[in-house]
Every structure is written in structure tokens, then in C-alpha cells.
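Visitor: Residues 128 to 504 (this note's numbering) are what the sequence shown spells out, left to right. After the C-alpha cells below, expect a handful of questions from me.
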Amino acid sequence: MSRLDSRSAPAGDAQLAWDLPVAFAPSVEIVAENESGLLLYRADSGRYFRLGRSSRMFIRYLQEGVTPRFLSRQVSRVFQVEESVAARTVAGFLSEIRGIGLLDVAPAAEGLRNRAARGLAEIPMRRLVLVRDSAPPAAAGRPGTSRSRARTVAGALVCVVAMAATGVAAAAAIRLLDVRALGTASIAVPFILLLHLMAHEAGHWLSCRYYGVTVPEAGIAFWFWFLPRPYVDRSHAYRLDRRTPLVVITMSGIIIDALNAGVAGTLAFATDDPTLRALAAAVAYTLLLTLANDVNPLLPSDGLHALEAATGHHSFRRRAIQYLLSIVLRTPFSHHHKTASRRLRLLYLGYGVLAVAYLGVMALFVARFVASVGGST
Numbered sequence: 128m129s130r131l132d133s134r135s136a137p138a139g140d141a142q143l144a145w146d147l148p149v150a151f152a153p154s155v156e157i158v159a160e161n162e163s164g165l166l167l168y169r170a171d172s173g174r175y176f177r178l179g180r181s182s183r184m185f186i187r188y189l190q191e192g193v194t195p196r197f198l199s200r201q202v203s204r205v206f207q208v209e210e211s212v213a214a215r216t217v218a219g220f221l222s223e224i225r226g227i228g229l230l231d232v233a234p235a236a237e238g239l240r241n242r243a244a245r246g247l248a249e250i251p252m253r254r255l256v257l258v259r260d261s262a263p264p265a266a267a268g269r270p271g272t273s274r275s276r277a278r279t280v281a282g283a284l285v286c287v288v289a290m291a292a293t294g295v296a297a298a299a300a301i302r303l304l305d306v307r308a309l310g311t312a313s314i315a316v317p318f319i320l321l322l323h324l325m326a327h328e329a330g331h332w333l334s335c336r337y338y339g340v341t342v343p344e345a346g347i348a349f350w351f352w353f354l355p356r357p358y359v360d361r362s363h364a365y366r367l368d369r370r371t372p373l374v375v376i377t378m379s380g381i382i383i384d385a386l387n388a389g390v391a392g393t394l395a396f397a398t399d400d401p402t403l404r405a406l407a408a409a410v411a412y413t414l415l416l417t418l419a420n421d422v423n424p425l426l427p428s429d430g431l432h433a434l435e436a437a438t439g440h441h442s443f444r445r446r447a448i449q450y451l452l453s454i455v456l457r458t459p460f461s462h463h464h465k466t467a468s469r470r471l472r473l474l475y476l477g478y479g480v481l482a483v484a485y486l487g488v489m490a491l492f493v494a495r496f497v498a499s500v501g502g503s504t
């Protein structure tokens, strides 16, 4: 009997054979289980997945391998609901985790709209690995200490300095940017940007080393197959049992973006040399674009990872986009979206508003560049 046979499955579920055992894929590791849910790691893909609290009751059974029918009977018995209702819940849950590759059953074929939604939610990326660490996944962390006033003040000071630096860079980009005055000095901009990106990723790497997080690889990633940028794989930081270190690791690159942009902006205001002023203003503008890209809610950016770390909602972007696309394209909601709290659904809608606002800000950046090229101030 094929695992794709749906004759004994609940109506509308054409994915799993209802009387054949199903289990986690052999490469799936259960990293953590707590009140917020499960953190899983798939070794063959190097990806982490977080499942909600309701998934905890299935964990023991999916480690051993049971039939979906058995799971539905367990849900029916525990929650005192009809087995048909439990069967729909189980079918939805298994369908979702099967779709992300956590089961020992190949994902089912998707329709055109579902494939389009998944494609928009997951950015295609190719990687050129330059450095690889074969050590086992680890995130030792550092001993937790009580929050001191000095640490709080230091963190607030760093944020204030970064915001001030961003303001200086923005002022330089608005008032002093003159592309025509650059001349041959424009050749230096991409090299300065490359050095900055290396410093950005070095910040992530040093933060990972500080918290004992294994960095499996580093190299050059090609977003959409052709947009290159350096990267450091810091995914094992999800193993940290505290949110603050994870926020620090993800924010370190953003802080470096802001500080370097501020240095360039300060130099643009301080120098009397017209060419150097134009170059510094152009670098400040470029680094502001880099900063904007690193907080881009539409991409798996540092800002998005920091948001996930602070809220504890892993895969927030992917799930938010799929939720919004399900509304727009009128595709069925996943098990996660059906069981999500009202607060989380509002966060997904807020994400959509934030994404639209971000596109508006980026349009202003482009308009400023066009005005500079045209000679307007």
C-alpha cells in the first residue's frame, strides 16, 4: 500500500495513508522541549524548526512511529472530542510538518498557488562555502547572571550611539550626496562596501565565539542566485536557552552597519576636500542602504532574526507571508495558522504593514539617488 494512498484517510486529506506508521525523519533531532513548544534540527539540511505547544503531545509517538489513525484516537481520548474532529486536527498537523520535511515521508505535490506562496516565503539562495567547521552543533552559552544596572546602561548606550550614528549618516546622505562630484573616486565605493560586509559578518562570528556557538560554515551567499554577499552560518545559536545572547548575535551586524555609516557621515561633514566629502557621503548612503537591507522584513535579514529572537517566534517571516498569502490567494490555512492565537495573527498582519512601509522608505532612498544624479539637492 503506497504512503500516498488516501482511501482510508479523512475526507479532503490526500497525503498520508491512514493505517501506515509515520515518524520523524532519521536526520531530525529534538533539540529542546519546553512550554513554548519544540525546537527541532534536521542535520541533513542544517535547518531548525520550531513547533507550537500543541505538538508536544505528538513527540513521543513520532519518535517511535505510529499510524495517523492511532494519533487521532489519542487526541480524541485526551480532549474528549469526536474522532472525526481529532482526525482533521491530526491530518492538518502531519500535513504541515510533512511539507517542511520533518517526516520520513516525502512532501506531497503542491498546487500552483501553494507553490507560489512557498516560493515567495522562502528566498532561493546558493552558497559558496569558504570555511567549514565539522564540529558537532553546539551552543554552550555563558552562565546566566542577574541583570545589572551597568549591563542595562551599556546596552542602552550602544543603541543610542547606533541611532545617533544612523542620524549623522542620513544627514550626510541627504545634504551632501553628489554623485557627479565623485569622479574616479567612485571606484573605491564597492571595495569599501566589501570591507564593511566582512566587518559585519566578523561581528556575527565573534558574537558566536563569545557565546560558544558552533559556526558550521562561512562564505558567500547568492540571493536569488546572483546577488552576492558574505555570510556566517549562525543557525546553531537557536540552541541557546536564553533570548538575550541570540539577540546580541543577530544585532551585532546591524550595530556595525550603523557605526560605520556614522563614521562615513562624520567624515563627510568634517572634511574640506570636495572629492573626499563626496566619497564619504556616497559611502554613508551606501551603508545606509546596507543597513536598510539588513533590517528588511521581506528577506531573512538580521533585523527579522532579531525580532524572532526577541519574541521567541521562529520562522516568523515564512509563516507571516504564508498567512497573508493564504488570505490574498484564498488558499487553505495551515494547521499552525488555524491554531495560532489572535495576538500572533495580529502580529502577522502587522508584519504586512511593516513590509509595505519598508518598501515606501526604500522608494524614498531611490528617489534621493535619482535626484542626486540629476543634480538636484
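We treat Cβ as the ideally placed atom computed from N, Cα and C, and that holds for glycine.
Provide the residue(s) that pair with Y358 in DSSP beta bridges, ordered along the chain.
Guide: Walking along the sequence shown from the start, residue 358 turns up at place 231. Y358 is bridged to G346.
Visitor: Check whether the region 428-435 touches the region 457-472, taking contact to mean three or more Cβ pairs, one atom from each stretch, closer than 8 Å.
Guide: no
Visitor: Counting C-beta neighbours from all protein chains within 10 Å, is the total for A385 16 or more, i.e. buried, or is it exposed?
Guide: Residue numbering aside, residue 385 sits at position 258 when the sequence shown is read from its first letter. A385 is buried by the Cβ-count criterion.
Visitor: Check whether the region 330-350 touches the region 258-265, counting contact only when three or more Cβ pairs, one atom from each stretch, lie closer than 8 Å.
Guide: Yes: at least three Cβ pairs fall under 8 Å.
Visitor: Counting beta carbon pairs with one atom in the region 399-411 and one in the region 354-364, are three or more of them shorter than 8 Å?
Guide: Counting Cβ pairs under 8 Å, fewer than three are found: no touch.
Visitor: Grouping DSSP H, G and I as helix and E and B as strand, with all else coil, what is F151?
Guide: Residue 151 sits at position 24 when you count from the first residue of the sequence shown. DSSP places F151 in strand when its eight states are reduced to three.
Visitor: Just mark F176 as buried or exposed, buried being the case when its beta carbon has 16 or more other beta carbons within 10 Å.
Guide: In the sequence shown, the residue the question calls residue 176 occupies position 49. Per the 10 Å Cβ criterion, buried.
Visitor: By Cβ distance, which residues of its chain are closer than 6 Å to D231, with the 5 residues on each side in sequence left out?
Guide: Position 104 of the sequence shown, counted from the first residue, corresponds to residue 231. For D231, where only same-chain residues beyond five positions count, the Cβ hits under 6 Å are A150 and A152.
Visitor: Closer than 8 Å by C-beta to R336: which residues in its own chain qualify, once you throw out the five before and the five after it? Chain order, please.
Guide: Here residue 336 refers to the residue found at position 209 when the sequence shown is read from its first residue. Excluding sequence neighbours, R336 sits near V342.
Visitor: What residue range does the beta strand (DSSP E) around R169 cover?
Guide: To locate residue 169, count along the sequence shown from 1; it is residue 42. Element bounds for R169: G164 to R169.
Visitor: May I ask you to report which of helix, strand or coil DSSP gives V158?
Guide: Within the sequence shown, numbered from 1, the residue matching residue 158 stands at position 31. Strand at V158.
Visitor: I think V316 touches T413, with their Cβ atoms under 8 Å apart; what is that distance to the nearest whole Å?
Guide: For the purposes of this step, residue 316 is identified with residue 189 of the sequence shown, where counting begins at 1. For the purposes of this step, residue 413 is identified with residue 286 of the sequence shown, where counting begins at 1. Indeed, because the Cβ distance is near 6 Å, the residues count as touching under 8 Å.
Visitor: Closest to I383 by CA distance: which of V217, H331, S362 and V359 is it?
Guide: Numbered from its first residue, the sequence shown carries residue 383 at position 256. Closest option to I383, Cα to Cα, is H331.
Visitor: For L425, name the three-state secondary structure that DSSP assigns.
Guide: Translated into positions along the sequence shown, residue 425 becomes position 298. Of the three classes helix, strand and coil, the one that applies to L425 here is coil, per DSSP.
Visitor: For F176, which three-state DSSP category applies?
Guide: What you label residue 176 is simply residue 49 of the sequence shown in a count that begins at 1. Strand, per DSSP.
Visitor: Who are M252's beta bridge partners in DSSP?
Guide: In the sequence shown, counting from the first residue as 1, residue 252 sits at position 125. For M252, which the question treats as bridged, DSSP gives the partners W350.
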